[in-house]
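Please read the structure below before turning to the comments.
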Amino acid sequence: MTQPTGSGESFPSLVENGNLTRREAAARAELVSDVRYRVDLDLTAADDRFRCDATIRFRARSGNTLTFLDFAGSPWFVECNGTTLDTGAYHAERVYVPTVAGENVVRVVGAAAYGRSGVGLHRFRDPEDGQSYLHTRFRPFEAHRVYPCFDQPDLRATLEPVITVDERWRVLANTEPVGEPEPLPGGRALWAFAPTPPLPPYLTTLVAGPFHRVNGRHGDLPLMLCARPGLSEELESAAEELFELIGHGLDHYERLLKRPYPFAKYDHVFVPECAVSAAEHPGCVVVDENLLFCGATATATRRRRRAEVLLRAMAHMWFGGLVGIRWWNGLWLREGMATMLAAQAQQAVTPFGTGWPQFEQRVRARARHADRLPTSRPVAEDVPDTGTARASFDAIARDKGASVLLQLADHVGWEGFVDGLGRFVEHHAWSTADPDHLLASLRSATATDLTEWAEEWLAQPGVDVVEVFRPGSGATAVHLSDPPPHPRRLQPRIGCYTSDGPGLRLRHNTVLHLDRRGSVRAPCRAADLVLPNDDGRTHIKVRLDPASRRALLNAIATLADPTARAVAWGALWDDVLDARLAARVFVATVLRHAPLEKDAESLRLLCGRAVVAAIDYGERSNTAPLLHAMHTHLRGELDLATGLDRQLALADALLRSAAAEHDSLLYDMALRRPPWQELTIDRNLRWRALLRLSAHGRPVEDLVAAELAAEPRSDGRRRALSVEAARPRPSAKEQSWHRVFSGAHSLAERQAIMAGFRQPGQEDVLTPYAERYFTVLESVWQAEGPECARSVARGLYPRVTDAEQEVLARTDDVLQRGRLPQELLRVLLEQRGELALARAARARDAVRTRAG
Numbered sequence: 001m002t003q004p005t006g007s008g009e010s011f012p013s014l015v016e017n018g019n020l021t022r023r024e025a026a027a028r029a030e031l032v033s034d035v036r037y038r039v040d041l042d043l044t045a046a047d048d049r050f051r052c053d054a055t056i057r058f059r060a061r062s063g064n065t066l067t068f069l070d071f072a073g074s075p076w077f078v079e080c081n082g083t084t085l086d087t088g089a090y091h092a093e094r095v096y097v098p099t100v101a102g103e104n105v106v107r108v109v110g111a112a113a114y115g116r117s118g119v120g121l122h123r124f125r126d127p128e129d130g131q132s133y134l135h136t137r138f139r140p141f142e143a144h145r146v147y148p149c150f151d152q153p154d155l156r157a158t159l160e161p162v163i164t165v166d167e168r169w170r171v172l173a174n175t176e177p178v179g180e181p182e183p184l185p186g187g188r189a190l191w192a193f194a195p196t197p198p199l200p201p202y203l204t205t206l207v208a209g210p211f212h213r214v215n216g217r218h219g220d221l222p223l224m225l226c227a228r229p230g231l232s233e234e235l236e237s238a239a240e241e242l243f244e245l246i247g248h249g250l251d252h253y254e255r256l257l258k259r260p261y262p263f264a265k266y267d268h269v270f271v272p273e274c275a276v277s278a279a280e281h282p283g284c285v286v287v288d289e290n291l292l293f294c295g296a297t298a299t300a301t302r303r304r305r306r307a308e309v310l311l312r313a314m315a316h317m318w319f320g321g322l323v324g325i326r327w328w329n330g331l332w333l334r335e336g337m338a339t340m341l342a343a344q345a346q347q348a349v350t351p352f353g354t355g356w357p358q359f360e361q362r363v364r365a366r367a368r369h370a371d372r373l374p375t376s377r378p379v380a381e382d383v384p385d386t387g388t389a390r391a392s393f394d395a396i397a398r399d400k401g402a403s404v405l406l407q408l409a410d411h412v413g414w415e416g417f418v419d420g421l422g423r424f425v426e427h428h429a430w431s432t433a434d435p436d437h438l439l440a441s442l443r444s445a446t447a448t449d450l451t452e453w454a455e456e457w458l459a460q461p462g463v464d465v466v467e468v469f470r471p472g473s474g475a476t477a478v479h480l481s482d483p484p485p486h487p488r489r490l491q492p493r494i495g496c497y498t499s500d501g502p503g504l505r506l507r508h509n510t511v512l513h514l515d516r517r518g519s520v521r522a523p524c525r526a527a528d529l530v531l532p533n534d535d536g537r538t539h540i541k542v543r544l545d546p547a548s549r550r551a552l553l554n555a556i557a558t559l560a561d562p563t564a565r566a567v568a569w570g571a572l573w574d575d576v577l578d579a580r581l582a583a584r585v586f587v588a589t590v591l592r593h594a595p596l597e598k599d600a601e602s603l604r605l606l607c608g609r610a611v612v613a614a615i616d617y618g619e620r621s622n623t624a625p626l627l628h629a630m631h632t633h634l635r636g637e638l639d640l641a642t643g644l645d646r647q648l649a650l651a652d653a654l655l656r657s658a659a660a661e662h663d664s665l666l667y668d669m670a671l672r673r674p675p676w677q678e679l680t681i682d683r684n685l686r687w688r689a690l691l692r693l694s695a696h697g698r699p700v701e702d703l704v705a706a707e708l709a710a711e712p713r714s715d716g717r718r719r720a721l722s723v724e725a726a727r728p729r730p731s732a733k734e735q736s737w738h739r740v741f742s743g744a745h746s747l748a749e750r751q752a753i754m755a756g757f758r759q760p761g762q763e764d765v766l767t768p769y770a771e772r773y774f775t776v777l778e779s780v781w782q783a784e785g786p787e788c789a790r791s792v793a794r795g796l797y798p799r800v801t802d803a804e805q806e807v808l809a810r811t812d813d814v815l816q817r818g819r820l821p822q823e824l825l826r827v828l829l830e831q832r833g834e835l836a837l838a839r840a841a842r843a844r845d846a847v848r849t850r851a852g
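Sequence positions in the sequence shown follow UniProt numbering and run 1 to 852.
Right, here's the structure in full:
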């Protein structure tokens, strides 16, 4: 099929798996405005496709010009301004239409396919009741998998959905339905919805299925919670807490941003096989159903995590929904702002009160790690096309974006920052904006010139390192940089601590002004610990001097302030990842000090890092002794532990560190008969025990079948596939490999298989798959598309093998040839960096030195 041409400007197809370039999007936005969609979907057919009848109205600034609608379906009929077009106008997922100046009307009728990779209109079939559950995820360029549209963020439009479904189903969208569903022959029903306010296509949504619902209100705002009927008990149990959280969160953001919640309703639908924790569609948030729990499993740690997810999605109602981005180079602003504001909101409106320490431990740690890898890039990345945008939903955009924004808030002052946010939202409501517009609003609110700040923090990659040298009676903080050429100007607080009596005590602190000149002297005489950034207000990497490191190894748990403690633990973990501290020393420090952590989530995080240190970053001959020591120590801690949150954190690490000699304990845990009577064995622990048993080659089929029989959640089947993939037999690995590529499983199921497939200690059986991995990448991309291909490239990268050097060389060869799509090459470069990092850390662990 040839691409059509017209007498006006044509848009040459540069697509690769439905790619859209920024240049093409800008040209289309110059032509098109005032877009309105009416989309009629019939979801009642029994096959893998659904019917779409879309009418698109828009205004064109000039006539006799060719433009295009994005559509990944199969059009049967295309009409433009009353003229029927040959379906040859459809090419490379584009429907080309000639425009007239002023009002244009296009109608496209066709069919589109349900998705199984978590994007488009994803369909999950419940194996228990045979019912289907549908939900959408369109970010960044997937709305056109469902209906024809101008699929770019700056062409905001109204959408009027009309949906035909099984009469037993409930349908949810961004807006309320207009009246009751209309009964149709054949047991069907038609749902019509009010038009949305102007939204980009990627934020429109549709959820459908026989969901159970709970209604609520916050003032005049209708609220709704939905989940599959099998989770109705969990939904009903959580409803009061969820409605309270939603109400407090909305009130908080309205006060903070000086703008009411901008939509007419607020639904949360807990769905199976959700590809993300939550998808922030205005008025209708789609949430991973694993965030529903009740009874003993509703621990404070899990509830805190759920609150963080929902508050983050809520922030997107203003940053993304009310004020959108013009193009995907602004992705970091919406992602980073929501992440940062969620931490602040959690500190302000939830009973958990750990927003900033957790931000330091998790968000900033992920940001620093992203800059450690060869895929590090500036926060304000150039995004030439939607393929790059897809690959950019990562820790640089989300976590470093949040860290940089918090740095900005500290730079201009919190009150000025909040004032600037309010101005930004007010000026750009129901429109789009660039990061430059935010800086302009902050400049207006605070009278601060942010030009140099933006150049330092947004345009440069890497993270600055503040390293402490102790040449004599004082301390000198040396400002370094990764990468070195462009160090930023910093003002970190330096905490000086002494070992008095039971532990480390803060004696005094001072703020240092570090710039390109190099080092600045810090007045820390006779300090046992000099800890830069002990208030967590600066985004830097802390590099400890030997004396300070020894002080932390001996007494880190005695740091009273939770943020200072989080910074200190982060510095030790960074030293492991940078091959400056032996993994065995880190493990020993965790075993000694982590059980003294009062916060159960911090305990879980540290124990988890200790397991990773032993397995991934410990020298191979050290791994088994380290895990044995961990297992023994954690059993002792469980004998003393009180409180379910702490018990579950310790038990999870206990199972992850279990070797074959501990299989009797694993069977006991899988059978819900732990040696600790107070310990409630939740489903996560049971599946963890089954996975470890399977990886040890133990028979678990009957136990898996029993767990599935009692398992109402969608991920039971996925966990069973992961358990099967963990078996060390060659035939089991071959079966799991085939399942990944057979097309019989959803992407969520394939990801579970891949997670089980790559088990440490199985290098001998996994090594033959290393070369096979490199030969399948291109075919997966062509057959399955970007979402699946990136997941396979990351999930099956041969990191567990006896041929690591060969894997690195093979990766280098593929990267140098450059024949794969850039999205896959970025994943390969990232995974190569992870493997090289692990090899360096293991080499460090093999060196026995007094300092560790």
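C-beta: ideal position from N, C-alpha, C; glycine also.
Expressed to the nearest angstrom, what Euclidean distance is found between the alpha-carbon atoms of residue i and residue j?
i           : j      : result
Ala323      : Arg303 : Residue 323 is actually Val in this sequence, not Ala. If I take the Cα positions, the gap works out to 29 Å.
Arg817      : Glu778 : 13 Å
Asp126      : Leu43  : 17 Å
Gly295      : Gly716 : 19 Å
Cys607      : Ala594 : 7 Å
Ala259      : Arg488 : The sequence given here has Arg at residue 259, not Ala. Computed Cα separation, rounded: 35 Å.
Gly761      : Trp569 : 28 Å
Asp154      : Ala27  : 12 Å
Ala629      : Ser621 : 14 Å
Arg688      : Leu655 : 7 Å
Ala659      : Trp453 : 51 Å
Trp414      : Met340 : 13 Å
residue 856 : Val814 : With the chain running from 1 to 852 in the structure shown, residue 856 is simply not present.
Arg334      : Gly697 : 46 Å
Leu69       : Asp151 : 8 Å
If contacts are defined as beta-carbon pairs under 8 Å, then residue i and residue j qualify, I think. What distance do you get, rounded to the angstrom?
i           : j      : result
Arg59       : Gly102 : 6 Å
residue 905 : Val590 : Any property of residue 905 remains undetermined from this structure, which presents the chain solely from 1 to 852.
Ala459      : Asp419 : The pair is not a contact, with the Cβ atoms about 25 Å apart (cut-off 8 Å).
Arg156      : Leu199 : 6 Å
Glu597      : Thr354 : At roughly 11 Å, the Cβ-Cβ gap does not stay under 8 Å, so Glu597 and Thr354 are not in contact.
His252      : Val106 : Not a contact, Cβ separation roughly 43 Å.
Go ahead and label residue i buried or exposed: buried means 16 or more other beta carbons lie within 10 angstroms of its beta carbon, across all protein chains shown.
i      : result
Ala781 : Per the sequence presented here, residue 781 reads as Trp, with Ala not at that position. So Trp781 counts as buried.
Pro351 : exposed
Pro197 : buried
Lys733 : buried
His662 : buried
Asn17  : Model confidence at Asn17 stands at a pLDDT of 47, short of 50, so the residue's coordinates are unreliable; what they give is reported in the following sentence. Buried is the call here.
Leu605 : buried
Pro4   : With a pLDDT of 37 at Pro4, under the threshold of 50, the modelled position of that residue is not reliable, and the figure given next carries that caveat. Classification of Pro4: buried, given that the 10 Å Cβ count is 16 or more.
Phe77  : exposed
Gly636 : exposed
Ser62  : exposed
Ile325 : buried
Asn64  : exposed
Mind checking if residue i is an interface residue toward chain C, Cβ cutoff 8 Å exclusive?
i      : result
Arg826 : Within the model displayed, chain C is absent; a lone protein chain is all it includes.
With the cut-off set at 8 Å, would you say residue i and residue j are in Cβ contact?
i      : j      : result
Leu225 : Leu242 : yes
Arg543 : Glu467 : yes
Arg832 : Leu808 : yes
Arg94  : Val119 : no
Thr476 : Ala522 : yes
Gly495 : Ala555 : no
Asp545 : Phe469 : yes
Glu176 : Tyr37  : no
Phe417 : His437 : no
Val39  : Tyr133 : no
Please go through the region 411–448 and give each complete beta strand (DSSP E) segment of 3 or more residues, from N-terminal end onward. 431–433
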